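Here the sequence shown is numbered in the working numbering, starting from -5 and rising by one per residue. Where a beta carbon is used, it is the ideal one built from N, C-alpha and C, also for glycine. Since this is a predicted model, take the numbers as computed values, not measurements. Notes for the one structure printed next.
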Amino acid sequence: MQIQVVKSKIHRVMVTGADLNYIGSITIDEALMEASNIIEGEKVSIVNINNGARLETYAIKGNRNSGEITLNGPAARMVQKGDIIIIISYGILDFEEAKTFKPTLVFPNEKDNSLT
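Here is the structure:
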């Protein structure tokens, strides 16, 4: 049997922008993507702490060390600049492997989304 488990999480980052007219996705600072083991094009879930909204989209790289977290396209209607969100990706593992798997968890500074 296989199950879906948390693979990566960027916990509590501040939304820096929302671009309704962009084609779609979430733009994430490249340094945060690397630290959390999320790759470009990967499906991610977004949980908005401020309003409870939950959505799925895919990740695209933002400029390294920019702190950028921008929701694009229709997802931009579910956030506002300054909202705090959690970004989660999942993986599918065999049940026994999942018991010992350790996800990559990142806890950036909420004020500027930096890793320090």
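Checklist line | Beta-carbon contacts of K75 that lie in its chain and below 8 Å, excluding the five residues immediately before and after | finding: Residue numbering aside, residue 75 sits at position 81 when the sequence shown is read from its first letter. Contacts found: V9, T10, G11, A12.
Item checked: Residue closest to L49, alpha-carbon to alpha-carbon, out of G56, I82, H5 -> By 1-based counting over the sequence shown, the position of residue 49 is 55. When each option's Cα is compared against that of L49, the closest is I82.
Checklist line | The alpha helix (DSSP H) enclosing K3, as first and last residue numbers | finding: Counting from 1 along the sequence shown, the entry for residue 3 is found at position 9. No alpha helix (DSSP H) holds K3; the beta strand (DSSP E) holding it covers -4 to 8.
Check: Among all the DSSP beta bridges, which residues are the ones paired with V38?
Finding: Position 44 of the sequence shown, counted from the first residue, corresponds to residue 38. Answer is T51.
Next item on the list: Compute the distance between the beta-carbons of Y52 and V38, then report whether it is under 8 Å.
Entry: Position 58 of the sequence shown, counted from the first residue, corresponds to residue 52. Position 44 of the sequence shown, counted from the first residue, corresponds to residue 38. Yes. Within cutoff.
Notebook entry, point to check: Assuming S111 contacts T94 under a Cβ cut-off of 8 Å, what Cβ separation, rounded to an integer in Å, is found between them?
Noted result: The first residue shown for the chain is -5 and the last is 110, placing residue 111 beyond what the model contains.
Next item on the list: Might you give, ordered along the chain, the residues of its own chain that have their beta carbon closer than 6 Å to the beta carbon of I32, omitting 5 neighbours on each side?
Entry: Position 38 of the sequence shown holds residue 32. Taken in chain order, the residues that qualify are S2, A53, S83.
Check: Using DSSP with H/G/I as helix, E/B as strand and the rest coil, what is T94?
Finding: Here residue 94 corresponds to residue number 100 of the sequence shown, with the count starting at 1. Helix at T94.
Next item on the list: Give me the Cα-Cα distance between V73 and E24, rounded to the nearest whole angstrom.
Entry: On the sequence shown, residue 73 is found 79 positions in, with the first residue counted as 1. On the sequence shown, residue 24 is found 30 positions in, with the first residue counted as 1. In a straight line, the C-alpha of V73 is about 21 Å away from that of E24.
Notebook entry, point to check: Whose C-beta lies closer than 8 Å to the C-beta of I22 among residues of the same chain, with five residues either side of it excluded?
Noted result: For this step, residue 22 is matched to residue 28 along the sequence shown. So the qualifying residues of the chain are I4, I32, A53, I54, K55, G56, E62, I63, I81.
Check: Is it buried or exposed for I(-3), if we count other Cβ within 10 angstroms and need 16 for buried?
Finding: Position 3 of the sequence shown, counted from the start, is the residue given in the question as residue -3. It counts as exposed.
Check: For the ligand ZN, is there a heavy atom less than 7 Å away from the beta-carbon of K37?
Finding: This structure lacks the ligand ZN, and indeed carries no ligand of any kind.
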